[in-house]
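Note sheet for the following structure.
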Amino acid sequence: MAHAFTRRQFARAGAVAGLASLLPRGNFAATGAHKKAVILADQEIGVVRPEFHGHFAEHLGSCVYGGIWVGPQSPIPNINGCRKDLVAYLKELGVPVLRWPGGCYADDYHWRDGIGPVAKRPKHVNTSWGGYVEDNSFGTHEFITFCRLIGAEPYFAANVGTGSPKEMRDWMEYCNYPSGSTLSDERTANGSPEPFNVRYWGVGNELWGCGGNFRPEAAAAEFRHYATFARRFGEVAPFLVGCGPSNDDSAWTRGFMDAIGNRLPNGYSMHYYERGSMAPTEFTPQAAYTQFNLFPRVEAAVIHQRALLDGYDPTRRIGLILDEWGVWDQIPRSGPERGLWQQSTMRSAVAAALGLNIFNRQADKLYMGNIAQMVNVLQSVILTDGPAGKTSVRTTTYWAFMLFKPHRGKTALRVESDAPPLPLEIAGRGGRSDVTPPEPKPDLSISASRQGSELVATFVNPRHDVDMTVDCALRGVSAKKAQAQILHDSDMNASNSFDNPDRLMPRPHEVAAEGNRIRITLPAMSVATVTAQVA
Ligand code: AHR
Numbered sequence: 132m133a134h135a136f137t138r139r140q141f142a143r144a145g146a147v148a149g150l151a152s153l154l155p156r157g158n159f160a161a162t163g164a165h166k167k168a169v170i171l172a173d174q175e176i177g178v179v180r181p182e183f184h185g186h187f188a189e190h191l192g193s194c195v196y197g198g199i200w201v202g203p204q205s206p207i208p209n210i211n212g213c214r215k216d217l218v219a220y221l222k223e224l225g226v227p228v229l230r231w232p233g234g235c236y237a238d239d240y241h242w243r244d245g246i247g248p249v250a251k252r253p254k255h256v257n258t259s260w261g262g263y264v265e266d267n268s269f270g271t272h273e274f275i276t277f278c279r280l281i282g283a284e285p286y287f288a289a290n291v292g293t294g295s296p297k298e299m300r301d302w303m304e305y306c307n308y309p310s311g312s313t314l315s316d317e318r319t320a321n322g323s324p325e326p327f328n329v330r331y332w333g334v335g336n337e338l339w340g341c342g343g344n345f346r347p348e349a350a351a352a353e354f355r356h357y358a359t360f361a362r363r364f365g366e367v368a369p370f371l372v373g374c375g376p377s378n379d380d381s382a383w384t385r386g387f388m389d390a391i392g393n394r395l396p397n398g399y400s401m402h403y404y405e406r407g408s409m410a411p412t413e414f415t416p417q418a419a420y421t422q423f424n425l426f427p428r429v430e431a432a433v434i435h436q437r438a439l440l441d442g443y444d445p446t447r448r449i450g451l452i453l454d455e456w457g458v459w460d461q462i463p464r465s466g467p468e469r470g471l472w473q474q475s476t477m478r479s480a481v482a483a484a485l486g487l488n489i490f491n492r493q494a495d496k497l498y499m500g501n502i503a504q505m506v507n508v509l510q511s512v513i514l515t516d517g518p519a520g521k522t523s524v525r526t527t528t529y530w531a532f533m534l535f536k537p538h539r540g541k542t543a544l545r546v547e548s549d550a551p552p553l554p555l556e557i558a559g560r561g562g563r564s565d566v567t568p569p570e571p572k573p574d575l576s577i578s579a580s581r582q583g584s585e586l587v588a589t590f591v592n593p594r595h596d597v598d599m600t601v602d603c604a605l606r607g608v609s610a611k612k613a614q615a616q617i618l619h620d621s622d623m624n625a626s627n628s629f630d631n632p633d634r635l636m637p638r639p640h641e642v643a644a645e646g647n648r649i650r651i652t653l654p655a656m657s658v659a660t661v662t663a664q665v666a
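Residue 134 in the numbering used here sits at position 3 of the sequence shown; the count goes up by one each step and never skips.
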């Protein structure tokens, strides 16, 4: 590893900067570790696209109905039917892009069911999730209203499984053609004379599974067929996303790309969930480590899938999209209202940060990432299913995303540390020492980015039992001053609840920046973002 300093040199610099005051103190875990890292400001990776911090909202459980959407007549404060405090929280977070209406649900969704007078909209059994009846009161116009309220770019997942190229093509015309055609005039009659200018269109979802159980060659043929009729209907040309693999399935990508011919998709989606073996608030350290150790696999999958695509698309015209990702813990499937309802804990925040660090490190290979899902479901940033009268809660995952907001639009930089790489053949498998090799302990994770005089670095300590003091050298720049924010709780199962909504949120944290060094202490289970002024 490339160290730009020795421990003795750093100690000397630390004494100058009064680093003694940064030594671990208070209620930290019993042991400490010294870590070394270097941020190579002269080695740029690529732009941290805001779209790395995208979201996904499906008609599943209470993500949309009861979560985002309460309806204009609801006693719950709302803006045009969208929950008011949730809108404010998401606006503050900044949602670059929002994918909708599924998920598996997308391949059984017919957009015409969700337009026109609400009372006349057909009622539909959600066969993908819960088997309950939806009244379609949240449709295209309501979704666009919500996107505009929170400042998100809409991303529609079109129906391949039970739909047709015509259905997608008509949806495009309805949304994007300015006026004068029957479909665009229908949009105007339904209250929206201005076109929606929807750019992102997914061609089916998980076509290898719930989207229709296609073979990759057949999925590619569907894509070619749909793409033929997916025209530019207005200001924006459609950006078509082809269905990629589950996890790092090379056979799917090879099969799809071999059959795609000359009609390359603009984007190619992969899904990678980080499964958990315990209930969300009952994780043991071992179970948490098994989940954390899936992230090196995600990183390897991004690198590998990009390399596979490069074989067909050496100039990288196709954007690789991690369309669904996040922790998926053991959650009871106890009824439609709370389908896949999952609490976010300190552990979930660490997991989110491990993922977002990957996106920075692989900024040259990724186009977009959408966490699953936005509200109440899986690794959500907002919970709303509280007792009557309680407001929405920002989860630990919300705050992990907030800690990455300063990276957006900056250029990611290469970072090295003395954390050893995990052996992928055993990491994330939940090994037990009496049967298989034990689960390796995860180590410090870092990413950094810079724009002009501002350098941002995010440090993650995924250990539950070790505080880490990180001596981080800066190569190519020197720091004048720095400030840090930290999200931390020594209880990995701690969460924000309706009774204690602000238990976990980023707080100011000490950091020393002097010349070409930054030093920060990370308590066990923490995520910290340092913003430094550099020259
Ligand atoms: O996010 C929940 C489900 O996970 C989605 O509907 C599907 O695409 C994936 O399998």
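From the three backbone atoms N, C-alpha and C, an ideal C-beta is built for every residue, glycine too.
In this text, all values refer to a predicted model and were calculated from it rather than measured experimentally.
Task: Cβ neighbour criterion (16 or more within 10 Å) applied to V256 - done: Sequence index remark: in the sequence shown, residue 256 carries index 125 (1-based). With fewer than 16 other Cβ atoms within 10 Å, it is exposed.
TODO: Measuring alpha carbon to alpha carbon, tell me which of N393, A368, M401 and L371 ends up nearest T384.
DONE: What you label residue 384 is simply residue 253 of the sequence shown in a count that begins at 1. Cα-wise, what sits closest to T384 is M401.
TODO: If I'm right that V546 touches I170 with Cβ under 8 angstroms, what's the distance once you round it to whole angstroms?
DONE: Here residue 546 is taken as the residue at index 415 of the sequence shown, counted from 1. Here residue 170 is taken as the residue at index 39 of the sequence shown, counted from 1. Yes, V546 and I170 are in contact; Cβ-Cβ is about 5 angstroms, under 8 angstroms.
Task: Secondary structure of R406, DSSP reduced to three states - done: Numbered from 1 along the sequence shown, position 275 holds the residue referred to as residue 406. It is a strand residue.
TODO: Rank A644, L555, L471 and D441 by C-alpha distance to the C-alpha of A188 and give the top, closest one.
DONE: Numbered from its first residue, the sequence shown carries residue 188 at position 57. The residue among A644, L555, L471 and D441 with its C-alpha nearest the C-alpha of A188 is L471.
- [ ] Check whether the Cβ of A503 sits closer than 7 angstroms to any heavy atom of ligand 1, and report yes or no.
- [x] Reading the sequence shown from its first residue, position 372 is the one you call residue 503. A503: yes, Cβ under 7 angstroms from ligand 1.
- [ ] Could you tell me if the beta carbon of L440 falls within a distance shorter than 7 angstroms of some heavy atom in ligand 1?
- [x] In the sequence shown, the residue the question calls residue 440 occupies position 309. Incorrect: L440 has no Cβ contact closer than 7 angstroms to ligand 1.
Open item on the list: Would F327 and P285 qualify as a contact pair, given that the criterion is a beta-carbon distance under 8 angstroms?
Closed with: For this step, residue 327 is matched to residue 196 along the sequence shown. For this step, residue 285 is matched to residue 154 along the sequence shown. P285 sits close to F327, with the two beta carbons spaced by under 8 angstroms.
Task: Own chain, CB closer than 7 angstroms to I207, minus 5 neighbours either side, in chain order - done: The residue labelled residue 207 in the question sits at position 76 within the sequence shown. In chain order, V201 and R214 place their CB closer than 7 angstroms to the CB of I207, counting only its own chain and leaving out the 5 sequence neighbours on each side.
- [ ] Return yes when the C-beta of E681 is under 7 angstroms from any heavy atom of ligand 1, and no when it is not.
- [x] Missing from the structure shown is residue 681; the chain here goes from 132 to 666 and no further.
TODO: Classify L555 as buried or exposed, calling it buried when 16 or more other Cβ atoms lie within 10 Å of its own Cβ.
DONE: Indexing the sequence shown from 1 puts residue 555 at position 424. When all chains shown are included, L555 counts as exposed.
Open item on the list: For C235, which residues in the same chain have their Cβ closer than 6 angstroms to its Cβ, ignoring the five residues on either side in sequence?
Closed with: Residue mapping note: residue 235 aligns to position 104 of the sequence shown, counting from 1. Counting only Cβ-Cβ distances below 6 angstroms, and skipping sequence neighbours, we find S259 and C341.
Open item on the list: I'd like to confirm something about H402: is its beta-carbon nearer than 7 angstroms to some heavy atom of ligand 1, or not?
Closed with: As a first step, residue 402 is located in the sequence shown; it is residue number 271 there, counting from the start. Flag set: Cβ of H402 near ligand 1.
TODO: Leaving aside the five residues before and after A283 along the sequence, list all residues of the same chain whose C-beta is less than 7 angstroms from its C-beta, in chain order.
DONE: For the purposes of this step, residue 283 is taken as the residue at position 152 of the sequence shown. Around A283: V226, P227, V228 and L229.
Task: M599 vs A168 beta-carbon contact at 8 angstroms - done: By one-based count along the sequence shown, residue 599 stands at place 468. By one-based count along the sequence shown, residue 168 stands at place 37. M599 places its beta carbon 8 angstroms or farther from that of A168.
Open item on the list: Which residue marks the beginning of the alpha helix (DSSP H) containing R318, and which one marks its end?
Closed with: Looking up residue 318 in the sequence shown gives position 187. Per DSSP, the continuous alpha helix (DSSP H) segment holding R318 begins and ends at T313 to A320.
TODO: Verify the contact flag: E455, CB atom, against every heavy atom of ligand 1, threshold strictly below 7 angstroms.
DONE: The residue labelled residue 455 in the question sits at position 324 within the sequence shown. Answer for E455: yes, Cβ within range of ligand 1.
Task: Selected residue, minimal CA-CA separation from D239, among C194, A288, Y220 and K251 - done: By one-based count along the sequence shown, residue 239 stands at place 108. The candidate whose alpha carbon is nearest that of D239 is A288.
Task: Residue interval of the beta strand (DSSP E) (run including C286) - done: Walking along the sequence shown from the start, residue 286 turns up at place 155. Before going on, a small fix: residue 286 reads as Tyr here, not Cys. From DSSP, the beta strand (DSSP E) with Y286 extends over E284 to A289.
- [ ] Spell out the partners DSSP gives R581 in its beta bridges.
- [x] Mapped onto the sequence shown, residue 581 falls at position 450. Looking at the DSSP output, R581 sits in a beta bridge with T542 and L586.
- [ ] Throw me the rounded Cβ distance for the L534 and A579 pair, which I believe falls under 8 angstroms.
- [x] As a position in the sequence shown, residue 534 is number 403, starting the count at 1. As a position in the sequence shown, residue 579 is number 448, starting the count at 1. Rounded to the nearest angstrom, the Cβ distance from L534 to A579 is 13 angstroms, too far for a contact under 8 angstroms.
Task: Entirely enclosed beta strand (DSSP E) segments - the segment 430-466, minimum 3 residues - done: As far as the segment 430-466 is concerned, its whole beta strand (DSSP E) runs of at least 3 residues are 450-459.
Open item on the list: According to DSSP, is L229 part of a helix, a strand, or is it coil?
Closed with: Taking the sequence shown and counting its residues from 1, one reaches residue 229 at position 98. Note: L229 maps to strand in three-state DSSP.
- [ ] Assign P654 to buried or exposed, taking buried as 16 or more other Cβ atoms, counted over all protein chains shown, within 10 Å of its Cβ.
- [x] Locating residue 654 in the sequence shown gives position 523, where the first residue counts as 1. Label assigned to P654: buried.
Task: Endpoints, beta strand (DSSP E) assigned at M599 - done: One-based indexing of the sequence shown puts residue 599 at position 468. Element bounds for M599: V597 to R606.
TODO: Assuming I651 contacts V665 (C-beta within less than 8 angstroms), just tell me the rounded distance between them.
DONE: As a first step, residue 651 is located in the sequence shown; it is residue number 520 there, counting from the start. As a first step, residue 665 is located in the sequence shown; it is residue number 534 there, counting from the start. With a Cβ gap of about 15 angstroms, I651 and V665 do not count as contacting.
Open item on the list: For N501, tell me which candidate among S381, Y404 and A172 has the shortest Cα-Cα distance.
Closed with: To locate residue 501, count along the sequence shown from 1; it is residue 370. Of the candidates S381, Y404 and A172, the one whose C-alpha sits nearest the C-alpha of N501 is Y404.
Open item on the list: Would Y667 and G398 qualify as a contact pair, given that the criterion is a beta-carbon distance under 8 angstroms?
Closed with: No answer is possible for residue 667: it lies beyond the span of the chain, which begins at 132 and ends at 666.
TODO: Identify the continuous alpha helix (DSSP H) that holds G486 and give its terminal residues.
DONE: Counting from one through the sequence shown, the residue named residue 486 turns up at place 355. Counting along the chain, G486 sits inside the alpha helix (DSSP H) bounded by residues M477 to R492.
Open item on the list: In the DSSP output, what is K612 paired with across the bridge?
Closed with: Your numbering for residue 612 matches position 481 in the sequence shown. Partner residues in the beta bridge of K612, as assigned by DSSP, are Q664.
TODO: Within 10 angstroms of the Cβ of R447, are there 16 or more other Cβ atoms? Answer buried if so, exposed if not.
DONE: Position 316 of the sequence shown, counting from 1, holds the residue named residue 447. With a threshold of 16 other beta carbon atoms within 10 Å, R447 falls short and is exposed.
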